[in-house]
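Participant: This structure is in structure tokens; I'll ask about it shortly.
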Amino acid sequence: LLFFSSAVSETYYTGLVFDDEAYDNTPRSATLLTRDITFLPTSVSLEAYTPEVGSQGQTGTCTAWATAYGARTILESIAYNRMNRVQSTKNVFSPSYVYNQIRLKQGCKHGTYIHDALNLMKSEGVAKFNSFGFNCNKKVTYKDKQNALPYKIQDYKRLFARQSQNKVQLVKKALSQKKPVVIAMKIAKSFHKRAEDVWKPKQYEYQHISALGGHAMVIVGYDDNKDGGSFKLMNSWGKTWGENGFKWVRYQDFQYFVPYAYELITKPLPTKQVSLGGSLEFIGENGQRMNATYDKHRGIYVMNQSYYSGTRFNFIMTNKEPIYLYAFGLDALAKS
3 LLFFSSAVSE TYYTGLVFDD EAYDNTPRSA TLLTRDITFL PTSVSLEAYT
53 PEVGSQGQTG TCTAWATAYG ARTILESIAY NRMNRVQSTK NVFSPSYVYN
103 QIRLKQGCKH GTYIHDALNL MKSEGVAKFN SFGFNCNKKV TYKDKQNALP
153 YKIQDYKRLF ARQSQNKVQL VKKALSQKKP VVIAMKIAKS FHKRAEDVWK
203 PKQYEYQHIS ALGGHAMVIV GYDDNKDGGS FKLMNSWGKT WGENGFKWVR
253 YQDFQYFVPY AYELITKPLP TKQVSLGGSL EFIGENGQRM NATYDKHRGI
303 YVMNQSYYSG TRFNFIMTNK EPIYLYAFGL DALAKS
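The sequence shown runs 3 to 338 under our numbering.
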């Protein structure tokens with residue numbers, strides 16, 4: 003199913019298909035203890051790690067935009083500490099790489115399941131935008147699949163049960179751990195309004211929620227003091243919608259209109275191998291070399307011959323990497 007609405011001569015497409023059984027069967031994130039939510043900060047923002055908001059245009063690709071372009075890019079920016087939107091945008095992931103492999107029918111306007119997108123990213127990874135782009139007609143080649151492999155996610159979890167009364171706290175906890183949250187939301191007509199920075203549904207929209215279509219987005223922050231408490235959403239409807247593509251949703255409305263929420267788990271970056279090396283020489287004041295041998299049992303270098311206390315020498319060292327060097331001297335009585 004594909005739902006869209008016209009707003010100020012703009013047509014906004016969605017494209018998420020709900021699957022309650024698949025969501026219910028997704029493993030849950032670890033259950034929170036009381037102390038886990040007692041000391042949450044009053045606000046959290048991951049917006050510094052987000053790329054420029056893109057536009058899905060007249061396609062049903064919202065799920066791929068939320069999971070690949072949005073959440074996966076943000077997680078990589080966090081891992082590499084890219085707090086620069088220009089750099090994050092240069093390193094975004096391709097929504098088409100995901101959508102083109104999980105769509106339910108050929109064409110660009112058919113919806114998709116979030117769990118299909120996440121399963122693909124877990125098993126095969128996702129290609130960068132600069133190599134695959136945004137083109138729903140493009141075929142995925144063997145080379146594309148090889149390019150995507152390094153960017154697999156390790157796993158994904160659902161954050162809450164669909165009928166949970168604790169949705170807000172569970173999402174806030176994930177955001178406080180620097181985890182963007184992918185959501186499936188029931189989209190009312192009023193949500194399409196461009197000018198609003200905080201979405202406030204019409205009263206009748208609460209009464210007809212079962213008839214509403216679905217849309218996937220990414221939560222990138224929260225603020226307990228924004229309109230009584232709100233989440234900040236990153237959309238895929240371009241920068242002319244909301245606040246440069248973002249919009250706030252109040253906690254009370256989130257609780258009602260959002261049945262699904264996922265956190266992505268990425269593999270830790272490989273630990274950089276520290277390569278320490280260099281050379282060390284002791285040269286006496288008359289220019290002679292003062293040779294030393296490494297004692298592997300004691301882990302120290304020992305002079306090959308004894309020298310009188312007070313012997314003057316030069317300590318010459320070269321190193322391959324920048325280091326902090328500390329030199330300690332002891333006299334015959336083991337005093338510095």
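From the three backbone atoms N, C-alpha and C, an ideal C-beta is built for every residue, glycine too.
Model, not experiment: these values are computed from the prediction.
1) Looking only at its own chain, which residues have a Cβ that is under 6 Å from the Cβ of K181, when we skip the five neighbours before and after it?
2) Is the segment 169-181 in contact with the segment 254-273, if contact means three or more CB pairs nearer than 8 Å?
3) Quick one: Cα of Y224 to Cα of S178, how far?
4) In angstroms, rounded to a whole number, what distance separates the CA positions of A68 and N237?
5) What's the gap between the Cα of V200 and the Cα of N246?
6) Residue range of the beta strand (DSSP E) that R291 falls in?
7) Decide if F193 is buried, meaning its Cβ has at least 16 other Cβ atoms within 10 Å, or exposed.
8) Taking just the CA atoms, how far does Y310 sit from E283?
9) Hey, quick one: how far does the alpha helix (DSSP H) through T268 stretch, first residue to last?
10) Could you please give the first and the last residue of the uninterrupted alpha helix (DSSP H) stretch that includes L122?
11) Can you tell me which residues form a DSSP beta bridge with N316?
12) Over what stretch of residues does the alpha helix (DSSP H) that includes K92 continue unbroken?
13) From the DSSP output, read off the bridge partner residues of G72.
14) Using only alpha-carbon positions, find the residue among Q257, Q148, V19 that is nearest to K111.
15) The alpha helix (DSSP H) with K107 in it runs from where to where?
Facilitator: Looking at the coordinates:
1) Here the set comprises E265.
2) yes
3) 9 Å
4) 8 Å
5) 13 Å
6) That residue, R291, is in no beta strand (DSSP E); it is neither H nor E in DSSP.
7) buried
8) 18 Å
9) Per DSSP, T268 belongs to no alpha helix (DSSP H); it is in the beta strand (DSSP E), 262-268.
10) 116-125
11) I285
12) 87-92 is the span of the alpha helix (DSSP H), which, as asked, contains K92.
13) For G72, which the question treats as bridged, DSSP gives no partner whatsoever.
14) V19
15) No alpha helix (DSSP H) holds K107; DSSP gives it neither H nor E.
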